[in-house]
Amino acid sequence: MHGYTDAKDDYLKRLRRIEGQVRGLQRMIEEDKYCIDILTQVSAAKSALESVALGLLQEHLAHCVSEAMAEGGEVADAKVREASAAIARLVRS
3 MHGYTDAKDD
13 YLKRLRRIEG
23 QVRGLQRMIE
33 EDKYCIDILT
43 QVSAAKSALE
53 SVALGLLQEH
63 LAHCVSEAMA
73 EGGEVADAKV
83 REASAAIARL
93 VRS
């Protein structure tokens, strides 16, 4: 079981909303909308995705990493490295 399993429906709902935002962006470009209005919507979609990512990261730390830490050894080290790499990717994006 993954850490996000209990909140799966919420994550799916949020991702569907983001999908709608991205489709709205496509429509805005097709309809030649004002650049700044499009950029505002891009920012909103990006922020929504970042919120999902942070939630998933929190779930991963609270569930997967904490279980690995309780187990200890190489499994714990690997999970910490994996989480650190994920955090680095989020920070760079």
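Counted the way the numbering used here counts, the sequence shown spans residues 3 to 95.
Idealized CB from N, CA, C, for every residue including glycine.
Exercise. Thinking just about the alpha-carbon of each residue, which of Y6, S68, L58 is nearest to the one in A88?
Worked result: L58
For this session: Give every residue of the same chain whose Cβ lies closer than 8 Å to the Cβ of I31, excluding the five residues on either side of it in the sequence, and list them in chain order.
Result: The answer, listed in chain order, is I40.
For this session: Tell me whether K15 is buried or exposed, calling it buried when 16 or more other Cβ atoms sit within 10 Å of its Cβ.
Result: exposed
Exercise. According to the neighbour-count rule (16 or more other Cβ atoms, all chains shown, within 10 Å of its Cβ), is A70 buried or exposed?
Worked result: buried
For this session: Would you grab the beta carbon distance between Q23 and A47 for me? Rounded to a whole angstrom, and I think it's under 8 Å.
Result: Yes, Q23 and A47 are in contact; Cβ-Cβ is about 4 Å, under 8 Å.
Exercise. What do you get for K10, buried or exposed, if any count of 16 or more other CB atoms within 10 angstroms of its CB means buried?
Worked result: exposed
Problem set entry | Within 9 Å, strictly: CB atoms of G5 and A90 | no
Exercise. Which stretch, first to last residue, makes up the alpha helix (DSSP H) that contains V93?
Worked result: 75-94
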